[in-house]
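Colleague:
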Amino acid sequence: MMALSLHEANPGHHMQHSYSMYASLPDFRKNSVMSFYNVPNWIPFYSAYKEGWGLYSEYLGEEMGLYKDDYEMMGRYSYEIFRAVRLIVDTGIHYYGWSRDIAIEYMTNYTGMGPGNAANEIDRYITWPGQACAYKLGEIKIKQLRKMAELHLGDQFDIKEFHSVILENGGMPMNVLEKVVTSWLHEKKNSATSGVDKTCRSLIVLFIGLCISFCKLFILSDM
Numbered sequence: 001m002m003a004l005s006l007h008e009a010n011p012g013h014h015m016q017h018s019y020s021m022y023a024s025l026p027d028f029r030k031n032s033v034m035s036f037y038n039v040p041n042w043i044p045f046y047s048a049y050k051e052g053w054g055l056y057s058e059y060l061g062e063e064m065g066l067y068k069d070d071y072e073m074m075g076r077y078s079y080e081i082f083r084a085v086r087l088i089v090d091t092g093i094h095y096y097g098w099s100r101d102i103a104i105e106y107m108t109n110y111t112g113m114g115p116g117n118a119a120n121e122i123d124r125y126i127t128w129p130g131q132a133c134a135y136k137l138g139e140i141k142i143k144q145l146r147k148m149a150e151l152h153l154g155d156q157f158d159i160k161e162f163h164s165v166i167l168e169n170g171g172m173p174m175n176v177l178e179k180v181v182t183s184w185l186h187e188k189k190n191s192a193t194s195g196v197d198k199t200c201r202s203l204i205v206l207f208i209g210l211c212i213s214f215c216k217l218f219i220l221s222d223m
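For the sequence shown, position 190 (counting from the first letter as 1) is numbered 190 according to the UniProt record's numbering, and the numbering increases by one without interruption.
(1) On the criterion of 16 or more Cβ atoms from any shown chain inside 10 Å, does Asp-90 qualify as buried, or is it exposed?
(2) Note down, in chain order, each residue of its chain lying with its Cβ closer than 7 Å to the Cβ of Pro-173, except the 5 sequence neighbours on either side.
(3) Drop a sphere of 10 angstroms on the beta-carbon of Ser-57, count the other beta-carbons inside from all chains shown, and report buried for 16 or more, exposed for fewer.
(4) Between which residues of its own chain and Ala-132 is the CB-CB distance below 6 Å, once the five residues before and five after are set aside?
(5) What residue range does the alpha helix (DSSP H) around Ala-23 cover?
(6) Would you grab the beta carbon distance between Ala-134 and Ala-48 for me? Rounded to a whole angstrom, and I think it's under 8 Å.
(7) From Trp-184 to Gly-12, what distance separates their C-alpha atoms?
(8) Do Leu-55 and Lys-147 have their C-beta atoms closer together than 8 Å?
(9) Roughly how many angstroms separate the alpha carbons of Asp-158 and Ala-149, rounded to a whole number?
(10) Note down the Cα distance separating Lys-189 from Ser-20, rounded to an integer number of angstroms.
(11) Whole alpha helix (DSSP H) runs in the region 49-133 with 4 or more residues, listed along the chain?
(12) Thinking Leu-6 and Leu-66 are a contact (beta carbons under 8 Å), I'd like their distance in whole angstroms, please.
(13) Count the other C-beta atoms from every protein chain shown that fall within 10 angstroms of the C-beta of Met-107, then say buried if there are 16 or more, exposed otherwise.
(14) Rounded to a whole number of angstroms, what is the C-alpha to C-alpha distance between Thr-182 and Glu-161?
(15) Less than 8 Å between the beta carbons of Gly-61 and Met-2, yes or no?
Spelled out as structure tokens, the structure:
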């Protein structure tokens, strides 16, 4: 239940959607989920962004120490295995031409699912190509962006600020999210450089002032 709660509630989808609702976004972006499947006004769901954040939230639970015992950790890792198997099965069906029966058999062999639940999952993958891959691929990308930010910012890295950057613009393709994070890092770097420049200028002015004061004292002492 812990992994499921983290994925669907906080800091997962509930916080994700709540954050976008209060962000400075146009209404059609804030309410994109409400328009799901409303053809021809369908707005892209951006599965990798949304589900990637949900799976990343399960990982955050481990960082925050929210998994209290081995049973909860087993639940977390069973979810990880499930999402990894999705990568294989979805690709198997839509690229390698797996049959429905082969896909069901693979899923039952490598997850804790029974044949009935596995069949429901496979029918979903058949009718929604690529979506099952979005969970793991999105999580991997968010982790990569976080690692990049940590390397660039060092001690200045703020996990809360990073998460705000990820969430504040709502759903988007992952290549666009990478540009958003990269732009934020450039702004942080320029801001830090500007701060150093101001400090240097202040020190130079202070040094010149001290030199002038010492010169005046030297001249007065000679008199």
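Yeah, the Cβ is synthetic: ideal placement off N, Cα and C, and Gly gets one too.
Modeller: A quick look at the data gives this:
(1) Taking every protein chain shown into account, the CB of Asp-90 has 16 or more other CB atoms within 10 angstroms, so this residue is buried.
(2) Tyr-46
(3) buried
(4) Arg-86, Asp-90 and Tyr-125
(5) Per DSSP, Ala-23 belongs to no alpha helix (DSSP H) and is neither H nor E.
(6) 4 Å
(7) The straight-line gap from Cα to Cα measures roughly 22 Å.
(8) no
(9) 9 Å
(10) 26 Å
(11) 70-94, 100-110 and 115-127
(12) 7 Å
(13) Buried, by the Cβ-count rule.
(14) 14 Å
(15) yes
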